[in-house]
Amino acid sequence: FEKNKAKVTTIKKKMMQFISGQFGGPTNYDVNDLRPTHYSMNISDYHFDCILDIIKQVLLDAGVKPKDSIEALMILQPVRADVTTGFTVRMEMARKNVEKGKDQLFKRLGESEGITQLIDSLY
Numbered sequence: 203f204e205k206n207k208a209k210v211t212t213i214k215k216k217m218m219q220f221i222s223g224q225f226g227g228p229t230n231y232d233v234n235d236l237r238p239t240h241y242s243m244n245i246s247d248y249h250f251d252c253i254l255d256i257i258k259q260v261l262l263d264a265g266v267k268p269k270d271s272i273e274a275l276m277i278l279q280p281v282r283a284d285v286t287t288g289f290t291v292r293m294e295m296a297r298k299n300v301e302k303g304k305d306q307l308f309k310r311l312g313e314s315e316g317i318t319q320l321i322d323s324l325y
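Each number in my numbering comes from the position in the sequence shown (counting from 1) with 202 added on.
This is the structure we're talking about:
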């Protein structure tokens, strides 16, 4: 995503609101915004797991008991589908296109050699 100070400040504020509410604190974050907000971000299960790993490590580094850090991760797990739906839908569409033979762009572009030339041209 575009890294600028205002964007990072907004993301941090929304994450604070969301996580505070998920962990039983005060919140004004509308969880119904999760799916539409993240849909176009192409966040996969791998990305979601990475964020959970980072959160766990930050909690442990801050002196949070391992049991409590695991509880925190368990609380965040249910939003996985809302955060990763956009990626999941696009992957399913791609799979269906392959089944229908619509995956021919790779061949039309010259397969691996053509893609290599494309990438080399970019750099």
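Heads up, the beta-carbon is just placed ideally off N, CA and C, and yes, glycines get one too. Just so it is clear, the structure is predicted and the values come from calculations on it, not from any experiment.
Of the residues the options, the one placed nearest residue i, counting alpha carbons only
i: methionine 218; options: Ile257, Ile245, Arg297 and Asp251; result: Ile257
i: serine 242; options: Gly227, Thr287, Gln319 and Asn230; result: Thr287
i: glycine 285; options: Gly303, Arg297 and Asn234; result: The residue you asked about is not glycine; residue 285 is valine in the sequence shown. The candidate whose alpha carbon is nearest that of valine 285 is Asn234.
i: aspartate 251; options: Ser323, Glu294 and Met276; result: Met276
i: serine 246; options: Lys209, Gly227, Lys214 and Thr290; result: Thr290
Close Cβ partners of residue i (< 8 angstroms) along its chain, the five nearest in sequence each way excluded
i: alanine 274; result: Phe225, Ile257, Lys258, Leu261 and Val266
i: arginine 310; result: none
i: proline 268; result: Leu262
Range covered by the alpha helix (DSSP H) that runs through residue i
i: leucine 320; result: 313-324
i: threonine 211; result: 207-224
i: isoleucine 253; result: 247-263
i: proline 238; result: 236-240
i: lysine 302; result: Element bounds for lysine 302: n/a, residue is neither H nor E.
Beta-carbon gap between residue i and residue j smaller than 8 angstroms
i: leucine 236; j: leucine 254; result: no
i: arginine 282; j: asparagine 244; result: no
i: lysine 220; j: threonine 229; result: One detail in the question is off: residue 220 reads as phenylalanine in this sequence, not lysine. Yes, they are a contact pair.
i: tyrosine 231; j: lysine 216; result: yes
Own chain residues within Cβ distance below 7 angstroms of residue i, not counting five before or after
i: serine 222; result: Pro228 and Thr229
i: isoleucine 317; result: Leu311
- Message: Quick check for students: name the residue ranges of the alpha helix (DSSP H) that lie wholly in the segment 265-300, counting only runs of 4 or more.
- Response: As summarised for the segment 265-300, the continuous alpha helix (DSSP H) elements at least 4 residues long and confined to that stretch are 268-278, given in chain order.
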